[in-house]
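By UniProt numbering, the letter at position 987 of the sequence shown is numbered 987, and the numbering carries on one by one without gaps.
To start, the structure under review is shown below, and the notes come after it.
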Amino acid sequence: MADQNPDEALNGLSSHEVESLRAQHGFNEVKTNQTPEWKKILWRYLDWVSIIILIAAIISATVEVQGGRGWTSFALLIVELNLIVWVGYYSERNAGNAVKELEALTVPMAQAKRDGKWQQVPARELLPGDIIALKGGDVIPADAQLVGEGEPLLVDESSLTGESLPASRKPGHQILAGATVTQGELDARVTATGADSFFGKTIALLGAPEERGHLQTVLNQVSIALAVVSFFAVVAIAVVLMVAQDASPGYAVVTAFVIFVSVVPIGMPVVTTTVLAVGAREMAGERAIVTRLSALEELSGMEVLASDKTGTLTLNRLTLDKEDILAWGDSSKDDVLLTASLSAKWDHNDAIDKAVTEAMGGDKQIVSSYKVTKFVPFNPVDKKTVAHVTLPDGTKMVTTKGAPQIIRDLLSDPAAREACDNYIAERGSRGLRSLGVAKSADGTGGWTLTGLISLLDPPRTDSAATIKTAQEMGVEVKMVTGDQLAIAIETSRRLGLGINIMEGKELMGENEIGRSLVERVDDVDGFAGVYPEHKHRIVESLQRKGRLVGMTGDGVNDAPALKKANVGIAVAGATAAAKGAADIILTEEGISTIITAIRRSRMIFRRLETYIIYRMASSILILGFFFFAIIVLTFEMPTWALVLISLFNDLSVMATSFDMVHSSDRPMVWNMIKDLLVALGIASVGILGSVLLLYFASLDELNWWPSGYQLERTGDPRITPGQVVAVMFLALVALIQLNILLTRNPTFFWRFGQKSAPRPSIILLLPMCAFLLAATFIAVYWPSDVSPDGGVGNMEGAGWVPILITWAYVIAWWLLADLVKVAIQRLFTRYDVIVAQCKETGEPHPGWVRALDAPAEWVNRVGECLPSPSLAFARTLDARVTGSKALQKSSALRKLLRRPRAPGSTSTGALGPNLPLDPPRANPPPMSLVEAVQSAASSPRNASAGGGLMRKMSAASVLPTRSMQRTLSRKASAPTVLVGGRGAPAGTRGQEIEIVVDRRQ
């Protein structure tokens, strides 16, 4: 490019230069130090669970027990190990591919001059020497030098340099990739791309470690808890086997390791990544692109949606309200429209002209018989348009439309002038724009009022219904607009929202956010006169109230609020800066897309919750049974059978990722106390039933297996120890597999419907039925002379009669487990209502409610000690009774509305106990990217960690994204954890009451 003169250089690159430079510089992307595929697989083999499986396999093959080695157990464990590693690897790779596919749908584009013409070019295809056009809202795609003439740009480089204020950059100055243009328009010549840019060098230095999301943290805690409990249990089993039962150390160790492997949730990472990847693809089909997979969980728990009015709730164009036309005198509404359309330019882009012509149907043939001989366009001085028209019969007439005050002054009829004044005042009080229409014979005087028209940016046809749906789903919609208060009130009224609107200037009345502002922001229905900086304050206030907040935005100045929100949503047509800060990018206008995304996210959450309950129940069942069976009843089961049970379990549970589920009608957050108790209830019934089955089946004197099926004392056992093993093998497999059907449905497993669960999918049923059938045939036909692992606890086929009796026994206990599950679910439903009633009336909690408060408080403290807990998890253990709109159908709460309050009680929800009386301290100063680079360069070990910087780096661009910007500025701390009550006194906000239950109060 050195041979070009300045004028030639400003024409950009030619096609020939692009080809030659591409070979030299490649694409504008950063090839980070990606982990080779073989290393990813190796690290999976070195995972702690994999190591435990491998140790168990080695011990099984090397330790001789009663003259034999456990080669069958060894083979099954190796199969399970490879299955978990490779299925996990492919699931993770597919999830990564899904993210890349979604990123490709929103690939950053740049306006570049090629061959002397401006054209849209993918940002990754930019080359040094390209001339690019930059404007407010653009994220700078490559290092460049500003060229040409014009006013300086304001560039936000806070994520790169730590400078909080936008920097002024004029022609000749260098600008860096990753910075954001906040104001101005200028051209720039690209000087460095990809790894050669400042941003690219930084990324290459820091590497690309994985970011551990909140969901992974929750699942990791579940895995660790199960592992710790099972460790102490299997140690006790091993000690009892060696000390009390005089078993060989080899047999004791092998048994302990195999039980431990069966209990640990090996398939949890596979299920999690698969569920999230499938969910992200489903949401892409609904026009919502997920940029952060863990945001799916937060979206499912979102309680408040602060939505932009213009373009999201409304059509973002002026529309004429035909029903609100005032026709004066002998004129009809059609006459008013015709006169106004004659005074409009049909092929003009003026918003008012388009509103008038569209009201006429947009067909110019309607006025084709009228000839406009002269047209005076609108100007800021006259504030009206005038048309000289020849009617079809040859009569001449002059028509005009314009500002109603101007049209009023043209009139001589006092009654018409008064009608104009009244119309203007009434519509103005509602925030509507008015348009006057008049006509005259010659245009020099004698103007006659034809009528008056009101104009508005109308709500979308589906907005009101969608908002009602959102409220029924427990999501409160708060309208956010920059329009004046009157317009906001009128729009809110048309949308079916409340008219308690707060003005933006009230948000900045306090230097710091205190209790009064938090209460006010939480109570209002919307915000008017809002500037971008107000949005950040709205989000922060709602979060201090303990709410999970979603915020929509489209401009560069919306980016801070989008990053601050629990779920940032960039609407259709958003700037690159807004998209980079958002968790979800919409490709279709309207709020209905957001509600659809919420519904989808709740289905994803339900799949994960179902899996966690099932996995905990299965692990507790296996651990509890073998603990009592071995220690109390001295039961011996061959290790290969135990491994086979674990293998069946891990294979079938993977199918839950594709199960059919319903969405929830209220926000979903983790309630681990409820989930744990449900799992414990199901598992306890299974443990009791299986232990009793083992006890009665093993008695020599009490035998229930003769052909008559009745219990009798024979003294002659009709079932051998090997057949007892077969019976117990089938019982355990059946109970574990059938529990999948229990955990997927909050009510009875056989009830299918919108309020329960849909019918299970074929993908779920096929493996479950296959494993049940396989276990049945093994229990019936296993030959007694086949002893794979040396004869310890050898299995022998029991025949069809005992196995059919076993099936009947298992089903009976399985139905009992379903009853217990439903009872626990209803207990927690009743718990929520009782706590809500106590909070409203001021009465103390009953004793049984306080008994549930204790474990909730303990687990809540544990949750707050987790590394970087998100707002959702910190509020997990507080039973959340969502907003009134989600509870309107509750009979208990309808009774509560009619119930008198206790003296001195109030329904206004108190702020969370963590909200300080004094304003919070200011955030610590951010660390700049330059400082981070210097620190990383001086410490290679720290540089390899990278703090999650590159988790969101797109392969197609070097543009920074939400999580990256958070890390760069060191402002990624979780929002203050607040758990409090939300409420409005009965009668103050219509017929509704809003209650939040705090289990710690």
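In this text, a Cβ means the ideal position worked out from N, Cα and C, and glycines have one as well.
Starting from His845, follow the alpha helix (DSSP H) in both directions and report where the run begins and ends. For this step, residue 845 is matched to residue 845 along the sequence shown. Run containing His845: none; DSSP gives neither H nor E here.
Bridge partners - Ala441, DSSP secondary structure assignment: Against the sequence shown, residue 441 aligns to sequence position 441. DSSP lists no partner for Ala441.
Reference residue 1004, options Asp308, Glu80, Arg600, Thr596, closest by Cα: Nothing about residue 1004 can be read from this structure; the chain reaches only from 1 to 1001.
Within 10 Å of its beta-carbon, does Phe873 have 16 or more other beta-carbons around it, so buried, or fewer, so exposed? Start at 1 with the first residue of the sequence shown, and residue 873 comes out as number 873. Low local confidence applies: a pLDDT of 30 at Phe873 is under 50, so the model's placement there is unreliable, and no value is given.
If you follow the beta strand (DSSP E) that residue 1031 is in, where does it begin and where does it stop? The structure shown does not extend to residue 1031, since the chain is modelled only from 1 to 1001, so the question has no answer here.
Out of Ala359, Gly496, Leu81, Ala340, state which residue places its alpha-carbon closest to the alpha-carbon of Ile51. In the sequence shown, counting from the first residue as 1, residue 51 sits at position 51. For Ile51, the nearest C-alpha among the options comes from Leu81.
Delimiting residues of the beta strand (DSSP E) encompassing Ile132: Within the sequence shown, numbered from 1, the residue matching residue 132 stands at position 132. 131-135 is the extent of the beta strand (DSSP E) around Ile132.
Should Trp814 go down as buried or exposed, given a rule of 16 or more other Cβ atoms within 10 Å for buried? For the purposes of this step, residue 814 is identified with residue 814 of the sequence shown, where counting begins at 1. Buried, because 16 or more other Cβ atoms sit within 10 Å of the Cβ of Trp814.
Can you round the beta-carbon distance between Asp650 and Ile266 to whole angstroms, since I take them to be within the 8 Å contact cut? Position 650 of the sequence shown, counting from 1, holds the residue named residue 650. Position 266 of the sequence shown, counting from 1, holds the residue named residue 266. Between Ile266 and Asp650 the Cβ distance is about 6 Å, and since that is below 8 Å, they are a contact.
Check whether the stretch 474-488 and the stretch 336-352 touch, using three or more Cβ-Cβ pairs below 8 Å as the test. no
Rounded to the nearest angstrom, what separates Val524 and Arg427 at their Cα positions? If you number the sequence shown from 1, residue 524 lands on position 524. If you number the sequence shown from 1, residue 427 lands on position 427. Distance between the alpha carbons of Val524 and Arg427 is about 24 Å.
Note down the Cα distance separating Gly137 from Ile594, rounded to an integer number of angstroms. Counting from one through the sequence shown, the residue named residue 137 turns up at place 137. Counting from one through the sequence shown, the residue named residue 594 turns up at place 594. Near 23 Å, if we compare the C-alpha coordinates of Ile594 and Gly137.
The stretch 231-248 in contact with the stretch 669-687 per 3-pair CB rule at 8 Å: no
Contact between the stretch 552-569 and the stretch 321-336 is defined here as three or more beta-carbon pairs at a separation below 8 Å; is this criterion met? no
Give me the Cα-Cα distance between Val727 and Ile604, rounded to the nearest whole angstrom. The residue given as residue 727 occupies position 727 in the sequence shown. The residue given as residue 604 occupies position 604 in the sequence shown. Computed Cα separation, rounded: 37 Å.
Assuming Ala387 is part of the beta strand (DSSP E), what are its boundary residues? Mapped onto the sequence shown, residue 387 falls at position 387. 384-390 is the extent of the beta strand (DSSP E) around Ala387.
Where does Trp670 fall in DSSP's three states? Looking up residue 670 in the sequence shown gives position 670. In this structure, Trp670 counts as coil in the three-state DSSP scheme.
What runs of the alpha helix (DSSP H), each 4 residues or longer, lie entirely inside the stretch 484-568? 485-495, 504-507, 515-523, 532-544, 559-564
What is the DSSP secondary structure of Ser870, counted as helix, strand or coil? The residue labelled residue 870 in the question sits at position 870 within the sequence shown. Note that Ser870 scores a pLDDT of 30, beneath 50, so its modelled location is shaky; the value from the coordinates is reported in the next line. DSSP places Ser870 in coil when its eight states are reduced to three.
Starting from the C-beta of Pro788, find all residues in its chain whose C-beta is less than 6 Å away, skip the five residues before and the five after it, and write them out in chain order. As a first step, residue 788 is located in the sequence shown; it is residue number 788 there, counting from the start. Correct list, in chain order: Thr72, Trp640.
Below 8 Å on the Cβ atoms is my guess for Leu642 versus Val258; work out the distance and round it to an integer in Å. On the sequence shown, residue 642 is found 642 positions in, with the first residue counted as 1. On the sequence shown, residue 258 is found 258 positions in, with the first residue counted as 1. Right, the Cβ-Cβ distance comes to about 5 Å (below 8 Å), so this counts as a contact.
From the DSSP output, in three-state form, read off Pro269 for me. Counting from 1 along the sequence shown, the entry for residue 269 is found at position 269. Helix at Pro269.
Quick check on the DSSP output: the beta strand (DSSP E) that includes Phe375 runs from which residue to which? Counted from its first residue, the sequence shown places residue 375 at position 375. Phe375 -> beta strand (DSSP E) spans 371-376.
With Ile487 and Gly431 assumed to form a contact (beta carbons below 8 Å), what rounded beta-carbon distance in angstroms separates them? In the sequence shown, residue 487 corresponds to position 487, counting from 1. In the sequence shown, residue 431 corresponds to position 431, counting from 1. At roughly 3 Å, the Cβ-Cβ gap stays under 8 Å, so Ile487 and Gly431 are in contact.
Enumerate in chain order the residues of its own chain whose CB-to-CB distance from Lys505 is below 8 Å, with the five nearest sequence positions on each side excluded. Counting from 1 along the sequence shown, the entry for residue 505 is found at position 505. Closer than 8 Å at Cβ, skipping near neighbours: Gly529.
Below 7 Å CB to CB, which residues in the same chain sit around Ala357 once its five sequence neighbours on both sides are set aside? To locate residue 357, count along the sequence shown from 1; it is residue 357. The sequence given here places Thr at residue 357; Ala does not occur at that position. Same-chain partners within the cutoff: Ser341, Ala344, Trp346.
From Pro108 to Gly184, what does the alpha carbon distance come to, in whole angstroms? Mapped onto the sequence shown, residue 108 falls at position 108. Mapped onto the sequence shown, residue 184 falls at position 184. Cα to Cα, the separation comes out at about 20 Å.
Can you check DSSP and say which residues form a bridge with Trp447? Within the sequence shown, residue 447 is the residue found at index 447, counting from 1. In DSSP, Trp447 forms a bridge with Leu411.
Which of the three DSSP states is assigned to Thr255 in this structure? Position 255 of the sequence shown, counted from the first residue, corresponds to residue 255. Helix.
Is the Cβ-Cβ distance between Val810 and Leu735 less than 9 Å? As a first step, residue 810 must be located in the sequence shown, where it is residue number 810. As a first step, residue 735 must be located in the sequence shown, where it is residue number 735. Cβ distance < 9 Å, so Val810 and Leu735 count as in contact.
Nearest candidate by alpha-carbon position, reference Phe696, set Val725, Leu677, Asn671, Val669: Your numbering for residue 696 matches position 696 in the sequence shown. Answer by Cα proximity: Val725.
Under the three-state reduction of DSSP, which class applies to Trp782: helix, strand or coil? What you label residue 782 is simply residue 782 of the sequence shown in a count that begins at 1. Here Trp782 sits in coil by DSSP.
Measure the C-alpha to C-alpha separation of Leu176 and Ala578 and round it to an integer number of angstroms. For the purposes of this step, residue 176 is taken as the residue at position 176 of the sequence shown. For the purposes of this step, residue 578 is taken as the residue at position 578 of the sequence shown. Their backbone Cα atoms lie some 18 Å apart in a straight line.
In chain order, what residues of the same chain lie with their CB nearer than 7 Å to the CB of Leu742, ignoring the 5 residues before and after it? Position 742 of the sequence shown, counting from 1, holds the residue named residue 742. Contacts found: Ile682, Phe749, Ala817, Asp818, Lys821.
Quick one: using the 10 Å Cβ neighbour count with 16 as the cut-off for buried, is Trp670 buried or exposed? Along the sequence shown, one-based indexing puts residue 670 at 670. Trp670 comes out buried.
In this structure, how does DSSP classify His16 when only helix, strand and coil are distinguished? Indexing the sequence shown from 1 puts residue 16 at position 16. Helix at His16.
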